[in-house]
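What follows is a single structure, written as structure tokens, with notes after it.
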Amino acid sequence: MNISLKNVSFSYTDSLYDAVIKDLNLEIRSGECVILAGESGCGKTTISKLINGLIPHYHSGTMSGDVLLGEKNTADMTLAEISRFVGSVFQNPRSQFFNIDTDSEITFGCENLGMPREEILQRVDAVVKEFRLEHLMGRNIFHLSGGEKQKIACASVAATGPEIFVLDEPSANLDLKSVADLAEIVARWKKAGKTVVVVEHRIHYLREIADRICYVKDGHVAYEWTPAQLEAKGAEYAANLGLRCVNLKQLKNKAPELAEGPEGSKDPAKQSLNEILVFYDLHFAYNRKFPVLDIPVLSLPRNQITALIGHNGAGKSTLAQVLCGLCEAWRQKRKVRKYGAYLIMQDVNHQLFTESVLEEVLLGMDPPNEKAALEILAGLNLEQCAYEHPMALSGGQKQRVAIGSGVSSGRDIVVFDEPTSGLDYRQMLAVSATLQKLAASGKTLLVITHDPEFILNCCSNIIRMEHGKIAEQYPLQGNQEKLVQEMTSFNYSS
Amino acid sequence: MFTLDPRTKLFLAVVANSVILSAPIAYSALMFAVPAVLLLFERKWKFVLVFFSVYLTAALGFEHLKTMDVGRVGTLGVSTMMIVSHMMPIGIVLYYVMQTTKVNEFLAAMARMHVPNKLTIPLTVMIRFFPTVFDEARAIGHAMRMRGIRLFSLRTLRNPFSILEYRLVPLLVSITKIGDELSIAAVTRGLSPETKRTCVATIGFHVQDLIVFVYCIFVATCFVIASRAKQSIIDIISALFS
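These protein sequence lines map, in sequence, to chains Z and S. Counting from 1, one number per residue, gives the positions in the first sequence under our numbering. Counting from 1, one number per residue, gives the positions in the second sequence under our numbering.
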């Protein structure tokens with residue numbers, strides 16, 4: 001089914017004066033796989049909402065122009081009708097499910113369309129086989145990993161058999177192995193002749209599947225390439241446009257140049273002075289038989305950034321929680337809380353409590369010292385919004401406020417849980433600059449991440465976890481190739 | 001598995017809660033036994049043990065002390081016991097219903113009872129909404145522990161409302177977002193009041209439903225007859241205010 005957007009403008013407010021989408025013309029042919037890329041806030045998610053009908057039927061605003069699915073105008077259809085043709089998968093695994101168990105979720109769409117019972121059961125069987133979901137059936141959705149959730153989301157959308165699939169940053173919360181699974185699903189849809197529209201920063205996994213990449217800027221399509229054309233233009237060209245690397249294999253070539261930190265924190269002379277922080281007996285288990293975490297000794301180089309890699313469910317988050325004293329370790333010689341690590345959560349909204357940014361930083365201080373707090377904020381480029389409400393800030397600013405609260409609490413170790421998920425290239429660079437500054441100011445950083453580009457950019461050590469144990473630990477210097485190799489081949493994880 | 005039809009659960013919620021709210025301890029304990037036993041079938045041993053013993057302590061304490069003169073502080077304690085013994089079972093019945101009812105089954109049951117979709121859909125969102133909110137609340141609790149904000153500390157005692165603020169502000173922000181995302185999830189999947197949906201879930205009444213029905217009706221009838229004869233609820237209320 002063709003999708004055509006003709007002279008579309010849209011604004012979330014009353015007038016088209018501050019439109020998010022301006023005079024957009026986009027033609028997507030039946031059976032095509034198109035990536036909508038672009039920096040955050042360029043309007044690419046809004047385009048996906050135009051296609052799945054959330055605009056104009058769910059979000060209010062002002063719209064001009066026509067969005068046609070085949071011959072029909074979305075403005076004349078109801079959302080229920082549109083959902084017959086368009087299936088949507090969203091970024092956030094937390095709330096894109098309407099059911100609590102996996103079985104009901106997969107049948108849900110078919111039931112809503114009023115299909116006969118036998119047909120629904122047949123379709124569910126087919127989808128379960130196609131996506132190899134046998135082991136995930138009958139499970140509680142809250143107990144699945146991010147990759148598993150995304151798989152269920154794709155399967156439940158596919159069950160209704162729509163002609164068009166719209167995916168909004170589906171890879172943002174996934175590890176590279178799950179991303180590869182996702183790529184396989186998209187490839188299968190394309191092969192079946194479906195039209196697939198993917199909104200993404202990360203292009204690498206669709207490099208061989210996508211027909212076109214549309215670069216969205218200021219609400220219209222500024223450039224169009226095939227993946228091969230973009231790759232031929234080189235990594236720097238893509239980076240300048242705020243795009244993540246097109247081919248992960250290219251990373252090892254460009255790594256050394258980008259690995260230069262702005263603060264000179266990678267200075268080898270300085271590195272040799274670094275001591276090592278050692279932690280003993282980090283064990284955790286929900287019951288005696290299955291240890292989730294089993295680390296007798298963990299050593300972190302002081303004042304450096306260490307990346308913690310490993311596939312989903314390897315125990316990375318548990319290690320972070322044990323280091324922060326959020327889980328009691330299984331058998332421990334001394335109180336883990338003494339380690340006093342501070343965790344910057346993936347969803348920073350959970351850890352901002354107060355009415356102003358300044359108060360947020362003062363909260364952890366004992367006794368509160370306003371001058372010192374302002375100094376911390378200045379170090380994070382937040383001094384101009386010291387009196388604003390934390391919830392009114394942008395995502396990146398919120399993250400920096402959370403970092404500020406960690407700094408003010410006087411902890412020496414700061415743990416980050418996927419600080420770059422869903423960020424474009426420019427934002428990722430900003431985060432790595434902040435982290436390097438933090439390391440240079442005398443903090444020891446441990447970063448849980450699935451983002452090889454980010455690791456090459458600012459980390460100096462790698463720890464790889466597997467089945468709750470440390471599988472490997474090595475410095476990044478000289479091992480770039482090995483890292484990329486390890487992160488892009490998925491044999492180790494199974 | 002000992003599963004009940006969603007309609008039985010709704011019946012249980014209505015009858016058990018009205019009896020627990022209005023009846024003396026003997027009846028409300030008999031009623032509270034129903035969700036307790038049902039939760040035992042769900043293997044929530046610890047949960048049942050803790051809450052049932054808290055309930056029994058509070059209820060027995062209230063029954064014994066309600067007519068005595070216990071002074072000002074004592075009255076505070078007795079009224080706490082009353083609130084616990086009357087409100088907690090209601091919470092637990094609702095917890096049982098929320099925990100064990102699948103969205104799917106609930107939709108099917110409501111359709112069988114010919115409840116209009118306009119009423120069913122918001123109720124369904126509630127079933128999905130609460131577990132998500134508790135999940136969020138747990139994450140926020142983690143963040144607060146890390147910041148060293150505790151329920152009982154010098155800082156929170158100095159300013160007891162701050163703890164409420166720290167807990168609620170992030171929760172409210174995420175709740176509004178979750179509500180929005182859930183409705184988007186529902187509408188993009190074609191859930192709408194106009195279209196008639198099929199229900200794959202098989203629901204129906206079995207022996208266990210019959211047992212629960214008969215038991216609930218029996219206890220409720222006993223209570224009604226007994227209270228007609230003695231008018232003991234009014235006694236209780238007047239004792240409370242004298």
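In this text, a Cβ means the ideal position worked out from N, Cα and C, and glycines have one as well. Quantities reported herein were computed from a predicted structural model and do not represent experimental measurements.
| query | result |
| --- | --- |
| Below-7 Å beta-carbon distance, Y96/S vs any chain Z residue | no |
| Buried versus exposed call for P170/S [16 or more other C-beta atoms within 10 Å across all chains shown] | buried |
| Short CB-CB distance (under 7 Å) between E111/Z and chain S | yes |
| Chain-order list of residues whose beta-carbon lies under 8 Å from that of N7/Z (same chain, five-residue window excluded) | D23, L24, N25, S64, G65, D66 |
| C-beta neighbour in chain S for T107/Z, strict 7 Å | yes |
| Alpha-carbon to alpha-carbon, L172/S and T21/S | It should be noted that the sequence gives Leu, not Thr, for residue 21/S. Using only the alpha carbons, I get a separation of about 30 Å. |
| Nearest-angstrom Cβ-Cβ length linking I309/Z and R464/Z, presumed shorter than 8 Å | 5 Å |
| DSSP state of A307/Z mapped onto helix, strand, coil | strand |
| Chain-ordered chain S contacts of G364/Z [CB-CB under 8 Å] | R147, G148 |
| Delimiting residues of the alpha helix (DSSP H) encompassing V357/Z | 357 to 363 |
| DSSP beta-bridge partners of A37/Z | Y215/Z |
| CB-CB length for S356/Z against A386/Z, believed under 8 Å | 7 Å |
| Beta carbon proximity, R212/Z to chain S, threshold 7 Å | no |
| Where the segment 97 to 114 of chain S meets chain Z: residues whose CB sits under 7 Å from a CB there | K102, V103, N104 |
| CB contact flag (R400/Z, L382/Z, <7 Å) | yes |
| Residues sharing a beta bridge with H220/Z, DSSP | K217/Z |
| Own chain partners of Y215/Z with C-beta closer than 6 Å, once the 5 adjacent residues on each side are dropped | A37, G38, A222, Y223 |
| Separation of D175/Z from Q477/Z, as counted between CA atoms | 23 Å |
| Separation of N92/Z from A185/S, as counted between CA atoms | 11 Å |
| Coarse secondary structure for S145/Z, derived from DSSP in three states | coil |
| Under the three-state DSSP convention, the category N240/Z falls into | helix |
| Reference A471/Z, options M345/Z, T488/Z, L298/Z, closest by Cα | L298/Z |
| Any C-beta of chain S under 7 Å from that of Q351/Z | yes |
| Candidates S48/Z, I203/Z, F284/Z, F353/Z, of which the one nearest V322/Z by Cα | F284/Z |
| Contact between the segment 195 to 212 of chain S and the segment 99 to 114 of chain S (3+ Cβ pairs under 8 Å) | yes |
| Cutoff 8 Å; reference V78/S; Cβ partners in own chain excluding five residues on either side | G61, F62, L65, K66, V70 |
| Whole-angstrom distance between S405/Z and K398/Z, CA atom to CA atom | 11 Å |
| Anticipated Cβ contact below 8 Å, V157/Z with H204/Z, distance rounded | In fact, because the Cβ distance is near 23 Å, the residues do not count as touching under 8 Å. |
| Own chain partners of R145/Z with C-beta closer than 6 Å, once the 5 adjacent residues on each side are dropped | According to the sequence provided, residue 145/Z is Ser. The question's Arg does not apply to it. Closer than 6 Å at Cβ, skipping near neighbours: N312, G313. |
| In DSSP terms, what S475/Z is bridged to | Just to set this straight, residue 475/Z is Pro in the shown sequence, not Ser. Its beta-bridge partners are N461/Z. |
| 3-residue-minimum beta strand (DSSP E) runs that sit fully inside the segment 91 to 124 of chain Z, ordered along the chain | none |
| Cβ-heavy atom distance, A433/Z to the ligand FMN, below 6 Å | In the structure shown, the ligand FMN is absent, as is every other ligand, since no ligand is present at all. |
| M81/S: first and last residue of the uninterrupted beta strand (DSSP E) it sits in | No beta strand (DSSP E) contains M81/S, which is instead part of the alpha helix (DSSP H) from 71 to 100. |
| Contacting positions in the segment 22 to 56 of chain Z - beta carbon closer than 7 Å to chain B | Checking the listed chains, one finds no chain B in this structure; the protein chains it contains are Z and S. |
| One or two residues paired with Y342/Z in a DSSP bridge | V414/Z |
| C-alpha distance - L10/S paired with N17/S, whole-angstrom precision | 11 Å |
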